[in-house]
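Mind the numbering: the sequence shown is residues 7 to 166 in our numbering, read in order. Some notes on the structure that comes next.
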Amino acid sequence: MIQIKGKVKFPITLDSTTWIFDDRKVRLEDLEKGVFDGTKPIAFEDNREWNRAILEGQTNPPTLNSEIKYKKRSVLEGSFVINMTPFFKNAEPASDATTIRLSNDEDTIDIPLDLLPYLFFQFAKDGKRLYEDNMIDSFVYIPEEGYQYSIKHVTNIEVC
Numbered sequence: 007m008i009q010i011k012g013k014v015k016f017p018i019t020l021d022s023t024t025w026i027f028d029d030r031k032v033r034l035e036d037l038e039k040g041v042f043d044g045t046k047p048i049a050f051e052d053n054r055e056w057n058r059a060i061l062e063g064q065t066n067p068p069t070l071n072s073e074i075k076y077k078k079r080s081v082l083e084g085s086f087v088i089n090m091t092p093f094f095k096n097a098e099p100a101s102d103a104t105t106i107r108l109s110n111d112e113d114t115i116d117i118p119l120d121l122l123p124y125l126f127f128q129f130a131k132d133g134k135r136l137y138e139d140n141m142i143d144s145f146v147y148i149p150e151e152g153y154q155y156s157i158k159h160v161t162n163i164e165v166c
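Written out as structure tokens, the structure is:
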């Protein structure tokens, strides 16, 4: 577990072990094809999804697509990332915040806050978590420019 702290209205704790069930996750190879968010609208023609949405209500984070796909072998073998935009929006960075500082025991990297839509955390590789302590790797991926601001084994997230 890792906390978003610093110049935020609501410090929030991230648990990377739950992201495998989050519909917003994206396969690493799909990210390189321009897919930044794995959610798909519920098709009203599909009675099972429609009925569940009515009976159980909308879940947040959305999980229905992942629950359906989880039974498939690909989830157990994939490398996944998740975009950080919704998590930082929930934390509500202060109006004077300009930077996201990510660090581990050896390195620190400062990412401009305006690159948030391109900030991803990788939490699984080949169907397995990256680290025993459930920490993550981070990078910025801009389709026209490729990977930037990479850091491994992130242990601290601070909005400055």
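No residue lacks a Cβ here, since even glycine has one placed at the ideal position from N, Cα and C. Since this is a predicted model, take the numbers as computed values, not measurements.
Requested in this report: Classify Y124 as buried or exposed, calling it buried when 16 or more other Cβ atoms lie within 10 Å of its own Cβ.
Outcome: buried
Query raised in the report: For D21, which three-state DSSP category applies?
Result: coil
Requested in this report: Check whether the Cβ atoms of K15 and A100 sit closer than 9 angstroms, and answer yes or no.
Outcome: yes
Query - Length of the line joining the Cα atoms of K11 and N110 - result: 15 angstroms
**Report entry** Three-state secondary structure (DSSP) of E35
**Finding:** helix
Query raised in the report: Hey, would you say the C-beta of D29 is under 8 angstroms away from at least one heavy atom of the ligand GDP?
Result: Among the ligands in the structure shown, none appear at all, so the ligand GDP cannot be discussed.
Query raised in the report: Secondary structure at K158, three-state DSSP: helix, strand or coil?
Result: strand
Query - Test item: CB-CB of I148 and L108 under 9 angstroms - result: no
**Report entry** K95: first and last residue of the uninterrupted beta strand (DSSP E) it sits in
**Finding:** It is not in any beta strand (DSSP E) - K95 instead sits in the alpha helix (DSSP H) that spans 91-97.
Query raised in the report: Do the stretch 114-124 and the stretch 84-91 make contact, defined as three or more Cβ pairs closer than 8 angstroms?
Result: yes
Query raised in the report: How is the beta strand (DSSP E) around G84 delimited, first residue to last?
Result: No beta strand (DSSP E) holds G84; DSSP gives it neither H nor E.
Query - Simplified DSSP assignment, three categories, for F27 - result: helix
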